[in-house]
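Asks: This note's numbering puts the first residue of the sequence shown at 388, with every later residue one more than the last. My questions will all concern the structure given below.
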Amino acid sequence: MVTQPRAIEIVQRCEALFDDLHFNAVAQWKAAHPGAKAIGFMPVYVPLELIHAAGMLPVGIMGGGDSLEVIQGDAYYQSYICRIPRSTIELGLTGRLDSLDGMLFPSICDVIRNLSGMWQMLFKDKYVRYMDVPQNYQDEVGGRFYIEEMQALREELGRLAGREIADADLNASIRVYNDNRAAVRELYAYRAAKPWQAPTSEVYLLLRAGMVLPVEEHTALVREYIAEVDRLPRPKRDNARVVINGSFCEQPPLALIKSIEMAGCYVVDDDFCLVGRWLLDEVPADGDPLAELSKAFLHRSASTAAKYDPTREEKGMFLLKQVKSRGAEGVIFAAPSFCDPALLERPMLQDVLSRHGIPHTAFKYAENTGQMAPIREQAGTFADSIKLWSAA
Ligand code: SF4
């Protein structure tokens, strides 16, 4: 019998979790933890530490992907809107999310805000919360607001769990998530250093596994993948190094990520599944936990179109830093069709890149986009043009 290299086994396991739209891994976790609850959340970021500290499993619901047929979900939304709310409704109405005891809807855009209201009406027996985030980055203003939001969530989750969530529980969970964030940072640094060893189609599946696996298991899996994939003989190609921007909410199909890579691009940074990478460094785990989580959000978090930039000067600076720190040669703007936040921000980001002489190209997708030839051609032409310019 031929045995697979361990790195490939890990990727296959992650792909099986990714393909499972019935979230059997969640049902299995609940069976192994009688009485424990599972709480779903949507992109982009929620403080997972609060769910973990309540003894619950956080479950990232990133839409229905390209294999889910949306039938009922289309009746709830107009056609000129992105697909993730419709596929999420479809997942709910078809019973695929029955193992979840609640859902958190972070403040991303009006679509998600509306979806949280629909969820309250459609699933009256489930816990539902719309999580607002600060639009002001002063600790005494936006910080105070955000701490109150988290405190309300903490109390509600405590009631659901049947016990109070103590500061010590939260600090222990912050430590666990600090470790996970460190492992994912290691993965991203490894991919940027050796993108031929850790293709983004694999890195992405590892991120998605983190949406359903217990965090401790995910951290170990990420570290094992890095160690194992480094042993595989994989060819190094003369590909263009690119950053993908705009995919922070509705996720692109896996085939689209593969197409970009096959077209001659190494993706060296991206904004997929940001939740585990939203806080950029270690959160102190020996102080007031909500105050520390708030400070990390206000002062040391990632940036997307769904997060308010207080000044025009700050717009695009996070992306610029990604490009420079990862040694990228260009940016691919890949955003969901009808995604107001990403598509409204795009011209401002393009302007910043153009001023810095960084090549960029742009297209739109839906999570069920099936026709990859145009995207492959566009990404391939972009990669070729980068190689021509950099050789000049
Ligand atoms: S894809 Fe864009 S418009 Fe649609 S829910 Fe997400 S952030 Fe909102």
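Ideal placement from N, C-alpha and C gives every residue a C-beta, glycine not left out. A quick note: this is a predicted structure, and the numbers were derived from the prediction, not measured.
Start and end of the beta strand (DSSP E) containing Y432?
Replies: Per DSSP, Y432 belongs to no beta strand (DSSP E) and is neither H nor E.
Asks: Flag P445 as yes when its Cβ comes closer than 7 Å to any non-hydrogen atom of the ligand SF4, and as no otherwise.
Replies: No, the Cβ of P445 stays beyond 7 Å of every heavy atom of the ligand SF4.
Asks: Where does N755 fall in DSSP's three states?
Replies: Coil.
Asks: Of all the options K682, V670 and A729, which has the alpha carbon lying nearest to the alpha carbon of A692?
Replies: Of K682, V670 and A729, the residue nearest in Cα terms is A729.
Asks: Looking at the strands, I want to know which residues DSSP matches up with N632.
Replies: Paired residue(s): F720.
Asks: Should L707 and A689 be called a contact, given that it needs their Cβ atoms to be closer than 8 Å?
Replies: Cβ atoms of L707 and A689: not closer than 8 Å.
Asks: Tell me whether E732, by its Cβ, gets closer than 7 Å to a heavy atom of the ligand SF4.
Replies: No - the ligand SF4 has no heavy atom lying nearer than 7 Å to the Cβ of E732.
Asks: One question on the structure: do V602 and H439 come within less than 8 Å of each other, judged by their Cβ atoms?
Replies: Going by C-beta atoms, V602 is nearer than 8 Å to H439.
Asks: So what's C660 in DSSP terms, helix, strand or just coil?
Replies: Looking at C660 - three-state DSSP - the assignment turns out to be coil, as it is neither helix nor strand.
Asks: Do A425 and V446 have their beta-carbon atoms positioned less than 8 Å apart in this structure?
Replies: Yes, they are a contact pair.
Asks: Just to confirm before moving on: does the CB-CB distance between L480 and Q459 stay below 8 Å?
Replies: Yes, Cβ-Cβ distance for L480 and Q459 is below 8 Å.
Asks: Can you tell me whether S688 is helix, strand or coil according to DSSP?
Replies: Correct three-state label for S688: strand.
Asks: The ligand SF4 and P521: does any heavy atom of the ligand fall closer than 7 Å to the residue's C-beta?
Replies: No, Cβ of P521 sits at least 7 Å from all heavy atoms of the ligand SF4.
Asks: Can you tell me where the alpha helix (DSSP H) with L574 in it begins and where it stops?
Replies: Taken as a continuous stretch (DSSP letters only), the alpha helix (DSSP H) holding L574 covers D554 to A580.
Asks: Once DSSP output is grouped into helix, strand and coil, what is the label at Q765?
Replies: In this structure, Q765 counts as helix in the three-state DSSP scheme.
Asks: Can you tell me which of D675, C652 and A614 puts its alpha carbon nearest to the alpha carbon of D554?
Replies: Of D675, C652 and A614, the residue nearest in Cα terms is D675.
Asks: In angstroms, rounded to a whole number, what distance separates the CA positions of L540 and V718?
Replies: Cα to Cα, the separation comes out at about 37 Å.
Asks: Is there contact here, the region 645 to 652 with the region 543 to 550, by at least three beta-carbon pairs under 8 Å?
Replies: Touching, no.
Asks: Quick check: does the Cβ of A729 come within less than 7 Å of any heavy atom belonging to the ligand SF4?
Replies: Under cutoff, so the answer is yes.
Asks: Between which two residues does the alpha helix (DSSP H) harbouring R473 extend?
Replies: Run containing R473: I471 to L480, per the alpha helix (DSSP H) assignment.
Asks: Using the Cβ count rule (16 or more neighbours within 10 Å means buried), how would you classify H686?
Replies: When all chains shown are included, H686 counts as exposed.
Asks: Let me know the secondary structure DSSP gives T390 once reduced to three states.
Replies: Note: T390 maps to coil in three-state DSSP.
Asks: Any beta-carbon of chain D closer than 8 Å to the one on E402?
Replies: Going by chain labels, chain D is absent from the structure shown, which holds only one protein chain.
Asks: Is A570 closer than 8 Å to R610 when the C-beta atoms are compared?
Replies: Yes; because the gap between Cβ atoms is below 8 Å, this pair is in contact.
Asks: Using CA coordinates, which residue listed in P493, L509, I468 and E542 is at the minimum distance from L478?
Replies: Closest option to L478, Cα to Cα, is L509.
Asks: Do three or more CB pairs link the region 650 to 657 to the region 737 to 757 at distances below 8 Å?
Replies: Segments in contact, no.
Asks: Could you work out which residue in Y467, D497, S494 and M505 is closest to L475 when comparing CA atoms only?
Replies: Rather than Leu, the amino acid found at residue 475 in this sequence is Thr. Nearest C-alpha to T475: M505.
Asks: Given a threshold of 16 other Cβ atoms within 10 Å of its Cβ, counted over all protein chains shown, does P521 qualify as buried or as exposed?
Replies: P521 comes out buried.
Asks: Can you tell me whether L487 is buried or exposed, with buried defined as 16 or more other CB within 10 angstroms of its CB?
Replies: When all chains shown are included, L487 counts as buried.
Asks: Tell me which residues share the same chain as A779 and place their Cβ nearer than 7 Å to its Cβ, disregarding the 5 neighbours each side in the sequence.
Replies: Below a pLDDT of 50, predicted positions are generally treated as unreliable, and A779, at 47, falls in that range; the measurement from the model is reported next regardless. Result list for A779: empty, nothing under 7 Å.
Asks: By the 10 Å Cβ neighbour count, where 16 or more other Cβ atoms means buried, how is G633 classified, buried or exposed?
Replies: Buried, because 16 or more other Cβ atoms sit within 10 Å of the Cβ of G633.
Asks: According to DSSP, is C652 part of a helix, a strand, or is it coil?
Replies: It is a strand residue.
Asks: Measuring from the CB of P392, is there a heavy atom of the ligand SF4 at a distance below 7 Å?
Replies: Answer for P392: no, Cβ out of range of the ligand SF4.
Asks: Of the choices N501, G597, A559 and Y524, whose alpha-carbon is the least far from that of L574?
Replies: L574 has its Cα closest to that of G597, out of N501, G597, A559 and Y524.
Asks: DSSP three-state call for H605: helix, strand or coil?
Replies: In this structure, H605 counts as helix in the three-state DSSP scheme.
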